[in-house]
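This report concerns only the one structure given below.
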Amino acid sequence: MDNMTHISAKHKWFDLHLRETLQYRDLIFLFVKRNFTAQYKQTILGPLWAIIQPLLTTVVFTIVFGNLAGLTTADITGEYMIPAFLFYMIGNVCWNYFATTLNATSNVFIVNRGTMGKVYYPRLVAPIATALSGLISFGIQFVMFVAFWLFYLIKGGTSIRVSLWLLMVPLLILQMIVLAVGFGIIISSVTTKYRDLAMLVSFGLELWRYGCPIAYGLQLVPHKYLGLYLVNPVTPIITTFRYAMFGFGFFHIGYYLMSWGVSIAVFMIGLILFSRIERTFMDTI
Amino acid sequence: MSDTMMKVSHISKQYRLGQIGGTTLRDELQRWSAKWHHKEDPTKKIGAREYANNEVFLALDDVSFDVEKGERVGIIGHNGAGKSTLLKLISRITAPTKGDIWLNGRVASMLEVGTGFHGELTGRENIYMNGAILGMKKREIDEKMEDIIDFSECRQFIDTPVKRYSSGMYVKLAFAVAAHLDAEIMIMDEVLAVGDMAFQKKCLDKMNEVSREEGRTILYVSHNMNTIRQLCNRCIVLNQGKVVFDGKEEDGINTYLGLGGISDREIDLSSAQRNKEYLNGIKLTSVKNLNDSGWSIRTGEKLRFEIRAEASQSFDVMSFRSRLTNIDGHSISVFVAPDLFSCKANETITIPLEADTSQLVPGRYCLTPALYQYDRLGTTLFYDHINRIITFEVRDDGSFNQGIPWVQKYWGDIRLPELVDLRK
Numbered sequence: 001m002d003n004m005t006h007i008s009a010k011h012k013w014f015d016l017h018l019r020e021t022l023q024y025r026d027l028i029f030l031f032v033k034r035n036f037t038a039q040y041k042q043t044i045l046g047p048l049w050a051i052i053q054p055l056l057t058t059v060v061f062t063i064v065f066g067n068l069a070g071l072t073t074a075d076i077t078g079e080y081m082i083p084a085f086l087f088y089m090i091g092n093v094c095w096n097y098f099a100t101t102l103n104a105t106s107n108v109f110i111v112n113r114g115t116m117g118k119v120y121y122p123r124l125v126a127p128i129a130t131a132l133s134g135l136i137s138f139g140i141q142f143v144m145f146v147a148f149w150l151f152y153l154i155k156g157g158t159s160i161r162v163s164l165w166l167l168m169v170p171l172l173i174l175q176m177i178v179l180a181v182g183f184g185i186i187i188s189s190v191t192t193k194y195r196d197l198a199m200l201v202s203f204g205l206e207l208w209r210y211g212c213p214i215a216y217g218l219q220l221v222p223h224k225y226l227g228l229y230l231v232n233p234v235t236p237i238i239t240t241f242r243y244a245m246f247g248f249g250f251f252h253i254g255y256y257l258m259s260w261g262v263s264i265a266v267f268m269i270g271l272i273l274f275s276r277i278e279r280t281f282m283d284t285i
Numbered sequence: 286m287s288d289t290m291m292k293v294s295h296i297s298k299q300y301r302l303g304q305i306g307g308t309t310l311r312d313e314l315q316r317w318s319a320k321w322h323h324k325e326d327p328t329k330k331i332g333a334r335e336y337a338n339n340e341v342f343l344a345l346d347d348v349s350f351d352v353e354k355g356e357r358v359g360i361i362g363h364n365g366a367g368k369s370t371l372l373k374l375i376s377r378i379t380a381p382t383k384g385d386i387w388l389n390g391r392v393a394s395m396l397e398v399g400t401g402f403h404g405e406l407t408g409r410e411n412i413y414m415n416g417a418i419l420g421m422k423k424r425e426i427d428e429k430m431e432d433i434i435d436f437s438e439c440r441q442f443i444d445t446p447v448k449r450y451s452s453g454m455y456v457k458l459a460f461a462v463a464a465h466l467d468a469e470i471m472i473m474d475e476v477l478a479v480g481d482m483a484f485q486k487k488c489l490d491k492m493n494e495v496s497r498e499e500g501r502t503i504l505y506v507s508h509n510m511n512t513i514r515q516l517c518n519r520c521i522v523l524n525q526g527k528v529v530f531d532g533k534e535e536d537g538i539n540t541y542l543g544l545g546g547i548s549d550r551e552i553d554l555s556s557a558q559r560n561k562e563y564l565n566g567i568k569l570t571s572v573k574n575l576n577d578s579g580w581s582i583r584t585g586e587k588l589r590f591e592i593r594a595e596a597s598q599s600f601d602v603m604s605f606r607s608r609l610t611n612i613d614g615h616s617i618s619v620f621v622a623p624d625l626f627s628c629k630a631n632e633t634i635t636i637p638l639e640a641d642t643s644q645l646v647p648g649r650y651c652l653t654p655a656l657y658q659y660d661r662l663g664t665t666l667f668y669d670h671i672n673r674i675i676t677f678e679v680r681d682d683g684s685f686n687q688g689i690p691w692v693q694k695y696w697g698d699i700r701l702p703e704l705v706d707l708r709k
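Residue numbers (our numbering), protein chains in the order written: chain L, 1 to 285; chain F, 286 to 709.
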């Protein structure tokens with residue numbers, strides 16, 4: 001019979017119920033809506049909070065790292081001028097999305113055990129909804145960035161160029177999602193049994209941030225360590241994002257493709273682990 | 286085959302004994318290292334039994350059954366019999382260790398009401414949320430929205446966040462969504478045990494209606510035999526993970542009630558399991574029935590038994606009491622014997638007692654014997670307490686209530702003395 005559901009003790013190696021997950025798209029949409037509504041209920045400023053946080057961070061970065069510490073905001077050597085404010089803002093907005101999504105997906109089993117312990121729905125719905133919820137805040141923040149970017153562009157006097165590299169932006173956002181969700185679901189699968197990793201996540205992300213060129217330009221990294229530094233899969237995403245927005249900067253096709261390779265590998269490992277754990281995680285969580 | 290909605294074939298679910306879940310990586314590493322050095326597990330609770338690696342517990346053991354379209358199956362069994370595990374497997378919350386299950390159609394599992402409800406969302410938003418979690422599409426929910434709101438009796442508050450609802454309204458709203466699901470197979474775990482009587486009845490009627498008219502299949506777990514009688518037309522009795530009965534609901538209920546068989550005439554209490562550690566000094570060692578027919582008495586007869594206790598220290602005053610519960614575990618009353626005896630150290634005390642059970646309605650009951658004292662502040666100090674160790678039966682010899690059936694559900698477990706006509 002075609003609509004028979006078969007529940008078996010045997011586990012298929014890579015069974016993700018993708019078709020079924022697609023049937024639950026209304027649920028994904030409702031989860032996203034719930035996350036968003038619940039986040040800003042009983043706040044006066046509402047979604048404005050999504051803007052305030054990266055805006056203030058950027059201001060602080062501009063003062064502390066830009067003015068006080070005087071760190072360079074240059075990715076490549078040359079005579080050009082990019083407002084430090086824009087430089088810090090795009091880094092923060094991207095990192096924010098990456099870190100929030102990774103952090104939230106690393107908790108999906110624990111946060112949703114209330115519903116998952118009582119009802120079956122394709123478990124993949126939860127991380128997908130989490131990644132999409134984050135995308136709303138990212139969208140708002142990105143619009144804010146674009147507003148400042150347009151302001152500087154029209155005002156003139158900077159080296160910002162509009163180029164075809166802008167077309168890279170959707171691809172870069174996709175890569176952030178893949179990488180963040182990949183790491184997130186690996187951690188979520190492991191934390192169903194060992195809670196240690198959950199402790200490490202927020203702390204580890206804080207450290208990781210300083211391993212990415214967000215508070216400083218790539219020029220600051222000593223040349224002999226640059227190869228090692230670029231192994232970090234987030235770095236090429238951020239430098240390429242800046243390249244796309246500013247029209248020039250650092251781009252190395254090799255490291256960029258390697259970053260994609262790592263993203264996809266992490267994502268695949270995450271999916272395999274996830275599909276193994278989702279069947280019985282309720283017994284150990 | 287086309288009418289078989291569910292086929293459960295040789296499923297088992299195995300849990301490992303001992304503490305495995307919720308450990309930290311550090312505990313696990315310590316355990317591995319200890320094992321490597323042949324030392325005792327440092328993370329083990331002191332005094333806990335050591336479980337061998339292969340020691341497992343079968344929550345379900347080779348369970349098989351088929352369910353046809355339109356059947357309303359009640360699943361009953363004592364706590365730990367495997368009922369909830371079975372529902373969890375069928376509703377795909379966790380996977381079986383062995384065996385297969387085939388389901389023909391959509392499954393709506395209601396292991397609790399209001400899954401996915403969020404306090405900040407309004408009643409209407411939660412209907413969408415809950416419906417979607419239970420597998421409905423937005424379009425289907427739109428179509429049924431008005432019916433759901435009517436059924437929930439919450440129309441006035443439907444656009445208020447549910448955190449401001451009373452718990453009764455919350456449950457009504459949640460059940461209203463579940464009752465309007467279009468699933469071919471509905472799985473329910475005692476969700477009807479909530480809400481007021483009138484709403485419970487409304488839910489049962491609704492379930493009956495959808496099953497009869499639309500041929501829906503229902504799987505229902507409950508400890509409440511009356512709702513099983515009202516809703517189900519078939520019963521599966523589980524005991525220790527195995528199916529011990531599968532057939533007519535009334536026979537199933539009798540099988541289930543028979544599982545808690547009446548006690549032997551003399552019950553050894555010295556090794557009986559206590560729920561926790563009580564004060565030292567005196568322990569009950571046995572209870573022996575003194576009626577002619579053992580722990581099975583006629584209505585109107587008084588229960589006679591003899592308790593035996595061993596004291597290791599002297600007591601000026603010791604009291605005895607015994608809680609009386611019905612087979613569903615609900616308390617009925619307590620037999621008390623305050624200041625029953627005093628004793629010296631190393632003395633064995635034997636006391637025959639008579640309990641007036643003449644007002645009990647025919648059925649099975651449990652007793653919980655306990656030894657206690659009150660301290661100066663009036664706090665009860667328990668020396669011994671053995672939960673529901675004695676099961677006895679009150680038989681109807683035909684004369685009870687002049688032969689008129691007693692509706693235990695509404696009238697209770699006790700027939701009080703008849704009213705006195707003051708004219709006489």
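Ideal Cβ positions, reconstructed from N, Cα and C, are used throughout, including at glycine. Please read all numbers here as calculations on a predicted model, not as lab measurements.
Neighbour list for residue i in chain F, Cβ cutoff strictly below 7 Å
i                : result
Leu30 of chain L : Tyr413, Met414 and Ala417
Arg34 of chain L : His403, Leu406 and Met414
Test: residue i CB closer than 8 Å to a CB of chain F
i                 : result
Ala38 of chain L  : yes
Lys155 of chain L : no
His17 of chain L  : no
Leu27 of chain L  : yes
Arg279 of chain L : yes
Beta carbon proximity, residue i to chain L, threshold 8 Å
i                 : result
Ile386 of chain F : yes
Arg519 of chain F : no
Arg377 of chain F : yes
Lys397 of chain F : Residue 397 of chain F is actually Glu in this sequence, not Lys. Taking Cβ atoms only, chain L reaches closer than 8 Å to Glu397 of chain F, which makes this a yes.
Gly401 of chain F : yes
Pro702 of chain F : no
Asp698 of chain F : no
Tyr505 of chain F : no
Lys429 of chain F : no
Leu371 of chain F : no
Lys423 of chain F : yes
Tyr657 of chain F : no
Ile541 of chain F : A small correction: the amino acid at residue 541 of chain F is Tyr; Ile does not occupy that position in the sequence shown. It does not; no Cβ of chain L falls within 8 Å.
Tyr711 of chain F : Missing from the structure shown is residue 711 of chain F; chain F here goes from 286 to 709 and no further.
Alpha-carbon spacing of residue i relative to residue j, whole angstroms
i                 : j                 : result
Ala594 of chain F : Asn672 of chain F : 17 Å
Glu335 of chain F : Leu569 of chain F : At Glu335 of chain F, the pLDDT of 48 sits below 50, so the modelled position is not reliable; the number obtained from the coordinates is stated separately. Taking the straight line from one Cα to the other gives about 29 Å.
Arg34 of chain L  : Ala129 of chain L : 10 Å
Thr676 of chain F : Trp580 of chain F : 7 Å
Phe36 of chain L  : Val60 of chain L  : 27 Å
Ser548 of chain F : Leu504 of chain F : 32 Å
Ile426 of chain F : Asn415 of chain F : 10 Å
Asn67 of chain L  : Thr73 of chain L  : 11 Å
Ser188 of chain L : Asn107 of chain L : 6 Å
Cross-chain neighbours of residue i in chain L, by beta carbon under 7 Å
i                 : result
Lys383 of chain F : Ala9
Partners in chain L for residue i, counting only beta-carbon separations shorter than 8 Å
i                 : result
Gly355 of chain F : Simply none; closest approach about 18 Å.
Ala319 of chain F : Per Cβ cutoff of 8 Å: no residues; Ala319 of chain F is ~18 Å from chain L at best.
Tyr650 of chain F : Those do not exist, as Tyr650 of chain F stays about 34 Å from chain L at its closest Cβ, beyond 8 Å.
Heavy atom of the ligand GDP within 7 Å of residue i beta-carbon
i                 : result
Arg161 of chain L : Absent from the structure shown: the ligand GDP. Ligands present: none.
Contact set between residue i and chain F, taken where Cβ atoms lie within less than 9 Å
i               : result
Thr5 of chain L : Arg377, Ile386, Trp387, Leu388, Asn389, Gly390, Arg391 and Val392
Residue i: contacting residues in chain F (beta-carbon distance under 8 Å)
i                 : result
Met282 of chain L : Lys373, Ile378 and Thr379
Selection of the stretch 215 to 248 of chain L by Cβ proximity to chain F, strictly under 8 Å: none
Cβ contact (3+ pairs, closer than 8 Å) linking the stretch 629 to 649 of chain F and the stretch 690 to 701 of chain F: yes
Three-pair Cβ contact test at 8 Å for the stretch 409 to 424 of chain F versus the stretch 388 to 401 of chain F: yes
Contact residues within the stretch 106 to 126 of chain L, judged by C-beta distance below 8 Å to chain F: Gly114, Thr115, Met116, Gly117, Lys118, Val119, Tyr120 and Tyr121
Against chain F: residues of the stretch 46 to 62 of chain L by CB proximity under 7 Å: none
The stretch 444 to 455 of chain F: positions lying closer than 7 Å to chain L by Cβ: none
Validate contact between the stretch 668 to 687 of chain F and the stretch 616 to 624 of chain F using beta carbons, cut 8 Å, 3 pairs: no
Sufficient close CB pairs (3 or more, under 8 Å) joining the stretch 230 to 245 of chain L to the stretch 90 to 106 of chain L: yes
Three CB pairs or more closer than 8 Å across the stretch 144 to 153 of chain L and the stretch 219 to 232 of chain L: no
Stretch pair the stretch 553 to 570 of chain F + the stretch 583 to 598 of chain F: three plus CB contacts closer than 8 Å: yes
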